[in-house]
Amino acid sequence: MRRRLAAGALLCCLALYAPRVAGAESEVFDGDPTDPESGEPYEILPGQPLVKAGPDGILGTSDDVVDTSIVGDIDLVVRSGSPVAAPAIPPPAALGGRAALPVGVAGSSEGGGLEIPFTAYLCGSGCYGENASAPYGFALQTLDMDDFPVIVAAFADLDDDGFIGPTTAAALSSPAAVSLQVRELEPVGRAVAHFDDGVARGKLAIQVGLPASQGGLRIALVAAASSGPFNQGKYNGVIGSGSGIATALPFLPQKDFTRFLRATAEPAGPDTTIYPLIQFAAIPALDGWSSYALPLDGSSPTIDAAVVNSQPAVRVAFREDPGTPKERSAAGDLILGTSGSARRRRLRLVPVDRLDNPADPAAGLAVTVRAGSPLRIVHPGKGSTEQALSLPTADGRRVVLQVPPGSADGTTGLVTVEQDGIVVAAHPYRIDPRVNRLKADVVAPSATLPTIQSALEAATDRNGDGLVVVSVRPGVFYERLVIDHPLVLQGAGAERTIVRGDGTGPVVSVVAPNVEIRRITAVGGTTGFALAGPSAALVEARAWHNDGAGVTVSGASASLWRSGMIDNSGDGLLAQDADQLACEESTAFLNGGAGLRIIGGAGGRIEASSIASNSGSGVVVMGTDLQVNGNRSIVNLGSGMETSSSSGAQVMANLSATNDGDGLHMDSPNGDLVWGNVLVNNGQYGVWLGGSMNADFSPNPGQQRPIGNNKTAANGEGSVSLPGD
Amino acid sequence: MRARRKNNSTGICDAFRRSVGRACATLAMLLLVADLAIAAGGSPQLALVSATPYRSTAGAVTVAIEGNFNFEDTVQLPLPVEVIVAQGARSTRFDLAGHAFTTIGGAAEQPDAGPGVIVVKQHQMLLVLPPGFATGAATVQIVARYQDDSFASNTLEFTL
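Which chain is which? The protein sequence lines are W and C, in order.
Using this note's numbering, the letters of the first sequence map in sequence onto residues 785 to 1509.
Using this note's numbering, the letters of the second sequence map in sequence onto residues 159 to 318.
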């Protein structure tokens, strides 16, 4: 009805009025500064200066152009709860303190949770502080954004410091805390609502929470929306291509949605799936011109806060136990070393809800922990393989596992926890000397070596153990590193030691031979780790959110073990002419190109790795005598695995499932062996062969009969496509 | 593109209460957005990569499954993901709220006592099988019915 009426009005007014402001999409932009080049309103966060991409065209890099003469006004406001309908925008609930905040329960209501209601308001000129009777202004009752979506997202205050995101105060007092604050930049909930007369109401389910006995977990609510028009040629027509508006955000947002929109992007609404569209362009720098940290005390007029409790505990789970409860994250794989402190693993067993959030236990919660031999439980108890525990509070109990002296490298076993006669936690463990802690020659940063780079340059083998070891404390370090002599660079864990580049080059460049990098995250570079020196090694490292490949390898005999390449805009791993590369037990998720790509070189191997949700193919290899064995490649936009003009490749015992392309795409194979793979549920063929039939599909040489002993099923276009099909 | 039907209408008075300029902007927009496009979503991407059973001292079987099941959409939004474990004629369907239902030979589903799914994490679920599953081969699959379409992961074979 409204559309017909409005259409009628348009016919009248088109003849009477020229557009008021060329290019202005909505009344919400009235009075906003306009980009003279595009004629569109600038996109500026409220209270922040105008930031434009510099010559590299990428936001969040050091060549960004900041114009402090233009500061963002308020176009959009979000409030938690369900304020009564009124022209005036209400104050944030957060102004009333923690006790006044709406309280939700983790998860959607269908899953036992309780959503947080929210209300988003469009706000025109004079929105805040300009009207005594409405300190937060009036909702802009405009039709021109009717039916437009607003995305509301939530961020959790994991360290309970009253802010979302890195703060200068934490950087000065406790650098380790900043790495936890970086984790606060990942949304923990998002929902879509639609504007109606400038107001949008909805509800937001949050995936995290803390026990009510601990006061729950505070979250911030933010919002963002785009204006039209919607062009099929841009973002598949599902995001408006006009200027965007947003509340305060804890970072400069990523505006290049092609980084994470799949080609199959579809319209979204309150009851549909949603891409995580509110993401950071870069981890905020703390020494720059501005802070993005969001206060939760109601002093930021565009946002609001809420509290989320966890659901009742349904089981127990292991947490890492680094010392402070705030830092406890889900326990990673149990890989124990053979010497020193690496023989021990200090964990905490805590009651958790169905979503793995710490939770208040039911009365009398008791469990039994069992460690398969040779592992021992040394706390509580004195070296037993079975220990009964009661867990009366949400804080849980510390459990320390230890490898006895002399245990063989490669030993495997299982740690289980039983509760009420069922296994509620199970952790396979393995003994591997690669996780042994190395004795540091230099620790950075320090009073005399204030940067990691200065420590790298000064480091010598002080303790005479034959290795030069630089240990880096937990924290976020804004540096670019160049390693030009053999050494080991050792962090405190990939989630705890983060090196943040400036977008102008690799975060970590290795140009010397025999350099090993352990347990460090590299983020915000043109690549995370650039391994040019021979025999470079990444051990439990992570390349995250770089504006190119996560890891590049050009030196021979490089290795990656248990390392991650996540959310980089290029390939996860790009190896070029790198002989004898070994990538084992690593992960490549959400990269803009292929997950793992080897071009040229001989004798490389990719083994036991997980590759998922990349925008290209999962694994791409082109070279001689390459091995792709025992990997899991799923939900990639291209094929699960792809070989091109390979010679003598082995592709064995892989799972390739639910990729948009083929399970295995082989272009001009030359003597390849393809055996024991499971190639199922892919969008195109299980196996696609082109240019050549010179591949064996059986362990018996010469048997060129697809599919051989590979398994294919439920592929969209069939099991196999042969040359000439 | 999917049209969304509005339930409320402000009517003629409201429409004309607003400025002509506003109406112009609205209509220009409506013409451009002929059939309303709304933010960005995507079809569920369901895939399984492993299923590992763990048997308790009392004989109960817990299965850890790993894969992709749109975790954020599943726990933040009502994407109704379910897990189906089958062995011979026996099939048990688990929802993520902890309910489980078993059918044998295609007979009507019967509710199980639970606890069903006890963990839902980014790439992992943990579920407890009801009694009746025996040692031997079984399969697991993740399914979702979403916007009148059915989605299913690969069917993964494993051994109990």
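In this text, a Cβ means the ideal position worked out from N, Cα and C, and glycines have one as well.
Alpha carbon to alpha carbon, how far is residue i from residue j?
i	j	result
Val1513 of chain W	Asp1055 of chain W	This structure does not reach residue 1513 of chain W, given that chain W is present from 785 up to 1509, and the question cannot be answered.
Lys1110 of chain W	Pro1085 of chain W	28 Å
Leu287 of chain C	Ile262 of chain C	14 Å
Met768 of chain W	Gly1384 of chain W	Past the boundaries of the shown model lies residue 768 of chain W; chain W is included only from 785 to 1509, so the question cannot be answered.
Ala1030 of chain W	Pro830 of chain W	8 Å
Pro1135 of chain W	Val1207 of chain W	14 Å
Leu284 of chain C	Gln268 of chain C	21 Å
Ser311 of chain C	Asn1499 of chain W	12 Å
Gln1063 of chain W	Val1260 of chain W	19 Å
Arg1154 of chain W	Thr215 of chain C	11 Å
Gly1424 of chain W	Leu1463 of chain W	9 Å
Ser1230 of chain W	Ser1255 of chain W	11 Å
Ser1353 of chain W	Gly1388 of chain W	24 Å
Leu185 of chain C	Asp980 of chain W	With a pLDDT of only 33 at Leu185 of chain C, under 50, the local geometry of the prediction cannot be trusted, and the value read off the model is given with reservation. Between Leu185 of chain C and Asp980 of chain W, the C-alpha separation is close to 15 Å.
Thr852 of chain W	Tyr826 of chain W	13 Å
Asn1454 of chain W	Gly1422 of chain W	22 Å
Arg882 of chain W	Asp1088 of chain W	11 Å
Gly1390 of chain W	Glu1368 of chain W	It is worth fixing the name first, because residue 1390 of chain W is Ile in this sequence and not Gly. Looking at the two C-alpha atoms, the distance is approximately 6 Å.
Trp922 of chain W	Ser1293 of chain W	Residue 922 of chain W is actually Phe in this sequence, not Trp. Approximately 53 Å, taken between the alpha carbons.
Gly1156 of chain W	Ala222 of chain C	18 Å
Gln1434 of chain W	Asp1456 of chain W	6 Å
Gly320 of chain C	Ala218 of chain C	In the structure as shown, chain C starts at 159 and stops at 318, and residue 320 of chain C therefore has no counterpart that could be examined.
Gly1197 of chain W	Ser1503 of chain W	38 Å
Gln1095 of chain W	Ala1178 of chain W	12 Å
Leu189 of chain C	Ala916 of chain W	Note that Leu189 of chain C has pLDDT 32, beneath the 50 cutoff, so the model's placement of it is unreliable and no number is given.
Leu1374 of chain W	Ala1333 of chain W	12 Å
Val301 of chain C	Arg248 of chain C	17 Å
Arg1284 of chain W	Pro833 of chain W	22 Å
Leu1271 of chain W	Ala961 of chain W	27 Å
Just the chain W side, please: which residues come within less than 9 Å of residue i by C-beta, in chain order?
i	result
Leu204 of chain C	Val1419, Thr1442, Asn1465
Gly199 of chain C	Val976, Val1022, Ala1049, Glu1050, Pro1051, Ala1052, Gly1053, Thr1056, Thr1057, Ile1058, Tyr1059
Val286 of chain C	Ile1206, Val1207, Val1208
Tell me which residue opens and which closes the alpha helix (DSSP H) that residue i is part of.
i	result
Ile990 of chain W	Careful: Ile990 of chain W lies outside any alpha helix (DSSP H) and carries neither H nor E.
Asp231 of chain C	229-234
Val966 of chain W	959-967
Gln280 of chain C	Where Gln280 of chain C is concerned, there is no enclosing alpha helix (DSSP H), given that its DSSP letter is neither H nor E.
Gln1237 of chain W	1236-1242
The beta strand (DSSP E) with residue i in it runs from where to where?
i	result
Gln1468 of chain W	Run containing Gln1468 of chain W: none; DSSP gives neither H nor E here.
Thr1196 of chain W	1196-1203
Glu1426 of chain W	1425-1428
Ala1030 of chain W	1028-1030
Ile262 of chain C	258-262
Asn1478 of chain W	1478-1480
Arg1154 of chain W	1150-1155
Ser308 of chain C	307-310
Gln1364 of chain W	From DSSP, Gln1364 of chain W is part of no beta strand (DSSP E); its letter is neither H nor E.
By the criterion of Cβ-Cβ separation under 8 Å, what are the contact partners of residue i in chain C?
i	result
Asp1088 of chain W	Residues of chain C passing the Cβ test: none, with the nearest at roughly 18 Å.
Counting only Cβ pairs nearer than 7 Å, list the residues of chain W close to residue i.
i	result
Ile276 of chain C	Val1098, Arg1099, Arg1138, Val1208
Leu254 of chain C	Gly895
Thr260 of chain C	In chain order: nothing, as chain W lies at least about 17 Å away.
Report the neighbours of residue i on chain C: residues whose CB is nearer than 7 Å to its CB, in chain order.
i	result
Thr1200 of chain W	Tyr212
Arg1264 of chain W	Neighbours of Arg1264 of chain W on chain C: none; closest Cβ ~30 Å, over 7 Å.
Arg1416 of chain W	Val207
Leu1439 of chain W	Val207
Just the chain C side, please: which residues come within less than 9 Å of residue i by C-beta, in chain order?
i	result
Ala1498 of chain W	Ala310, Asn312, Thr313
Could you list which residues in chain W have their beta carbon closer than 8 Å to that of residue i, in chain order?
i	result
Ala218 of chain C	Gly1205, Ile1206, Val1207
| task | Entirely within the segment 923-953 of chain W and at least 3 residues each: give me those beta strand (DSSP E) ranges in chain order. | result | 933-940
| query | Going along the chain, which unbroken runs of the beta strand (DSSP E) with 3 or more residues stay wholly within the segment 1048-1125 of chain W? | reply | 1088-1093, 1099-1104, 1118-1120
| In chain order, what residues of the segment 224-251 of chain C put their CB closer than 9 Å to some CB of chain W? | Glu224, Gly225, Asn226, Asn228, Phe229, Glu230, Asp231, Thr232, Val233, Gln234, Leu235, Pro236, Leu237, Pro238
| message | Counting only Cβ-Cβ distances shorter than 7 Å, please list the residues of the segment 1170-1183 of chain W near chain C, keeping chain order. | response | none
| request: Would you mind listing the beta strand (DSSP E) stretches within the segment 826-876 of chain W that are 3+ residues and don't spill past its ends, in chain order? | output: 833-836, 849-855, 860-864
| field | Length-filtered (3 minimum) beta strand (DSSP E) runs lying within the segment 1303-1359 of chain W | value | 1305-1307, 1313-1315, 1321-1323, 1326-1328, 1335-1337, 1343-1345, 1348-1350
| said: Just to confirm the assignment: which complete beta strand (DSSP E) runs, minimum length 3, are found wholly within the segment 1385-1415 of chain W? | reply: 1389-1391, 1394-1396, 1403-1408, 1411-1413
| At a Cβ cut of 7 Å, what residues of the segment 886-906 of chain W count as close to chain C, listed as they run along the chain? | Gly891, Ser892, Glu894, Gly895, Gly896
| said: For the segment 1389-1413 of chain W, list every residue whose C-beta sits within 9 Å of some C-beta in chain C, in sequence order. | reply: Ser1394, Ala1396, Ser1397
| field | Against chain C: residues of the segment 981-996 of chain W by CB proximity under 9 Å | value | Asp981, Leu988, Ala989, Ile990, Gln991
| field | Residues in the segment 288-307 of chain C having any Cβ partner in chain W nearer than 9 Å | value | Tyr304, Gln305
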